[in-house]
Structure formats: C-alpha cells, structure tokens
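Inspection log for the structure reproduced underneath, given as structure tokens.
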Amino acid sequence: MTTTLGTASAGPGEIDTGRLEVGETRDGSPFGLPVAVINGERPGKTLYMQAASDGDELNGVGVIQRVVPQLDPAEIAGTILIVGIVNYHAFQVAEHRNPIDDTKMNRAYPGNETGTSSERIAAATFEAASRADLILDLHQGSTSRMIDEVRVRCGKRHRLHDDCLELAKVFGCGHVLDQKGPDGQLARAAPDEGVPTVDPELGGAVGWDETSIEKGVDGVFNVLTYYGFLDGSVAVESQTRARGFDQYGAPGGGLVSFRTELGESVRSGDTLFEVTTPFGEPKAEVTADSNGILWRTRRLPQVASGEYVCSVATDIDDY
Numbered sequence: 008m009t010t011t012l013g014t015a016s017a018g019p020g021e022i023d024t025g026r027l028e029v030g031e032t033r034d035g036s037p038f039g040l041p042v043a044v045i046n047g048e049r050p051g052k053t054l055y056m057q058a059a060s061d062g063d064e065l066n067g068v069g070v071i072q073r074v075v076p077q078l079d080p081a082e083i084a085g086t087i088l089i090v091g092i093v094n095y096h097a098f099q100v101a102e103h104r105n106p107i108d109d110t111k112m113n114r115a116y117p118g119n120e121t122g123t124s125s126e127r128i129a130a131a132t133f134e135a136a137s138r139a140d141l142i143l144d145l146h147q148g149s150t151s152r153m154i155d156e157v158r159v160r161c162g163k164r165h166r167l168h169d170d171c172l173e174l175a176k177v178f179g180c181g182h183v184l185d186q187k188g189p190d191g192q193l194a195r196a197a198p199d200e201g202v203p204t205v206d207p208e209l210g211g212a213v214g215w216d217e218t219s220i221e222k223g224v225d226g227v228f229n230v231l232t233y234y235g236f237l238d239g240s241v242a243v244e245s246q247t248r249a250r251g252f253d254q255y256g257a258p259g260g261g262l263v264s265f266r267t268e269l270g271e272s273v274r275s276g277d278t279l280f281e282v283t284t285p286f287g288e289p290k291a292e293v294t295a296d297s298n299g300i301l302w303r304t305r306r307l308p309q310v311a312s313g314e315y316v317c318s319v320a321t322d323i324d325d326y
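Position in the sequence shown (first residue = 1) + 7 = the numbering used here.
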C-alpha cells in the first residue's frame with residue numbers, strides 16, 4: 008500500500024522525500040515543510056517523528072539527518088513518517104518562536120487549519136502524527152544547559168501514561184521527566200488521540216551538540232527495534248525518573264559560579280551556586296532545599312536579581 012505525506016509518496020519497500028505545504032510566505036509564495044516517508048517492505052506499525060518545532064533546537068534535525076540514510080525500506084516492517092523541520096519560519100532565522108505570529112510552536116497543538124501561521128503548521132503536522140502508532144517529538148534545551156532526558160507529558164492519570172512511560176524507557180536517554188506538560192504540546196495532545204508520545208530533550212547546547220545527537224540516534228534505533236520496525240532485540244535499561252522541580256533564582260545581580268555539576272545528585276543544604284561581583288567578590292550563596300539532581304542551568308553567567316539560574320529535579324526514583 009502506498010503511503011503519502013505531502014508530496015512524498017512511497018510504496019512498500021520505497022523511500023521518498025518531499026514537502027508538506029502549509030501556507031504562503033509574505034510575498035505570496037507557497038512554502039512547505041521537508042518530509043520523508045519510509046515505507047517498509049513488510050506491514051507493521053507506523054512511527055511519526057518530527058524535529059525543530061522550536062526553530063533554534065537543532066539537535067533533532069541532526070538526529071534525522073543521521074537516521075534516514077541508515078534506513079533500508081527492504082529491512083523495515085511498517086512505516087516511518089518524518090517532518091524534518093516543523094517551525095519553518097523560525098528555523099530560517101535561527102529563532103525559538105515563529106516570527107510570523109510570535110508563537111512557540113509547541114503550544115499550538117492540535118492546531119487550526121484556518122488559524123494563525125503556527126496553528127496551521129500544528130494542524131498539518133498533527134494530522135500526520137495522528138496517523139501513527141507512536142510519536143517522537145525531538146527537542147533540546149535551547150537557551151539552557153540541561154541533561155539528556157525524555158519527557159512524558161500526558162500526566163500520570165492519563166490512560167496512555169504507562170505506554171508513554173514505556174516509550175520513554177525504550178528511547179533510553181537515562182533520565183525521564185514524568186510531569187504533565189502545558190496545553191498545546193504535541194506530547195500532551197497526541198495521547199488524547201490514542202497515540203503514545205514522548206518528547207526527547209536532547210541536551211541543552213545552543214546549536215549542534217554531537218554527543219546529544221548521537222544519543223538521539225541511538226534512541227530512535229532503540230524504538231525502531233523494540234517496536235518491531237527492525238529485526239533484533241533491545242536491552243531496555245532502568246531510567247532515573249523525576250516528577251517535579253525546584254527552581255532557583257539569583258538573590259542579587261552579578262556572575263554565577265556553579266558548585267554542582269549538571270546531572271549530579273545533590274542533598275538538601277548542598278551549595279548549588281555562588282553569585283559574585285565582576286571582581287570575584289562573594290555576594291550570595293544558594294543551597295538546595297531538598298534532595299535531587301541538578302537537571303537544568305542557565306547558559307550564561309550574568310544574572311539580575313530574581314533571574315532564573317537552575318532547576319533541581321525532585322521526587323526521584325528508578326523504574
């Protein structure tokens with residue numbers, strides 16, 4: 008059976024790339040998102056994968072760039088649908104939000120096909136994603152430094168929570184955030200349509216981080232193998248799960264020096280960071296309120312009073 012996504016169309020054992028048209032630019036020219044269809048020679052499940060719904064989060068694009076050339080439709084059971092760049096306008100100018108409507112794309116799902124620019128893109132990609140059995144929405148920390156993690160955003164009371172948690176465990180970044188996400192996230196909206204969905208956050212480097220990209224590539228192939236798209240087996244390892252955050256701001260302005268490394272465990276009372284003057288004079292020291300893991304930090308050292316500095320993940324367990 009031939010599978011189509013936008014102008015990409017592939018029969019069994021074929022791969023094709025094309026464009027998914029979602030509107031026009033300001034000069035009236037049509038534009039489309041880059042898409043790919045990998046149609047396996049044998050029947051099976053459908054995986055939907057997308058990247059760069061935030062236009063400056065490029066590690067997911069790097070994952071897709073490396074994964075697709077390694078896929079041979081003759082060896083695949085099922086179908087893989089890919090949107091390589093979701094936030095088209097933001098990607099062109101290396102910005103986080105869609106500059107046409109100043110919207111964060113991952114707050115626009117399930118979208119509106121007659122709405123704003125972001126809502127139209129969300130509607131088109133949501134329609135494609137809803138055809139799948141599993142969804143991977145590839146992200147990264149963008150303006151913050153953060154560990155590699157997979158986010159389960161449907162909430163613990165959702166009927167697909169266990170399925171999403173299993174998908175996160177199979178992807179295998181080592182850390183999972185299991186916390187209900189904001190309205191408008193794909194990983195919130197798609198489970199309501201019956202599709203297990205996770206949001207891998209592949210590091211926090213601005214731009215292109217080879218280590219996180221390779222971890223994402225491994226994660227995609229873990230999913231493809233575990234769910235039967237590819238032959239083989241996957242050793243699914245226990246993950247460290249967090250279900251909440253303590254966030255810390257700067258008590259005063261100056262320069263931040265961290266005393267705990269990203270990904271390290273901390274105990275209540277441990278020093279997280281110090282704020283100094285530009286001359287190195289100590290101004291303030293901030294300690295952890297509870298046990299946890301230093302999960303995310305600001306990228307640049309300069310802060311104003313009350314400005315965000317870091318997050319410590321709490322309510323930690325292994326599953």
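In this text, a Cβ means the ideal position worked out from N, Cα and C, and glycines have one as well.
These numbers were taken from a predicted model, which means no experiment stands behind them.
A contact between stretches requires three or more CB pairs, one per stretch, nearer than 8 Å, and the stretch 226-246 fails this requirement with the stretch 278-295.
Rounded to the nearest whole angstrom, the CA to CA distance from Gly67 to Ile220 is 7 Å. Just measuring C-alpha positions, the residue of Val70, Pro41, Leu78 sitting nearest Glu21 is Leu78. Relative to the Cα of Leu237, the nearest Cα in the group Glu48, Leu27, Ser151 belongs to Glu48.
By the criterion of a C-beta distance shorter than 7 Å, Cys180 is surrounded in its chain by Asp155, Glu156, Val157, Pro207, Lys222, Gly226, once the five residues flanking it on both sides are discounted.
The DSSP-derived three-state label of Ile220 is helix. With a cut-off of 8 Å on Cβ pairs, the stretch 125-132 is in contact with the stretch 107-115, counting three or more such pairs.
Leaving aside the five residues that flank Gly201 on each side, the residues in its chain whose CB is nearer than 8 Å to its CB run, in chain order, Leu167.
Secondary structure note for His96: its alpha helix (DSSP H) is the uninterrupted segment 95-99.
Here Arg266 is actually not in contact with Ala295; their C-beta atoms are around 10 Å apart, not less than 8 Å. Sixteen is the threshold: since fewer than 16 other Cβ atoms of the shown chains lie within 10 Å of the Cβ of Gly313, the residue is exposed. The Cβ-Cβ distance between Leu174 and Pro203 falls below 7 Å. Nearest to Ala212 by alpha-carbon distance, out of His182, Ser149, Gly35, Val100, is Ser149. Across the structure, Ser36 and Asp322 are spaced so that their CA atoms are roughly 50 Å apart.
Taking a C-beta distance under 7 Å as the contact criterion, Trp302 and Leu65 do not qualify as a contact pair. Exposure of Phe286 is indicated by the presence of fewer than 16 other C-beta atoms within 10 angstroms of its C-beta. Its chain contains Arg127 as the residues whose beta carbon lies nearer than 8 Å to that of Thr121, once the 5 sequence neighbours on both sides are disregarded; these appear in chain order. Take Glu28, set aside five residues on each side of it, and the residues of its chain with a beta-carbon closer than 6 Å to its own are Pro37, Gly39, in chain order. Here Arg152 really is in contact with Thr304; their C-beta atoms are around 5 Å apart, less than 8 Å.
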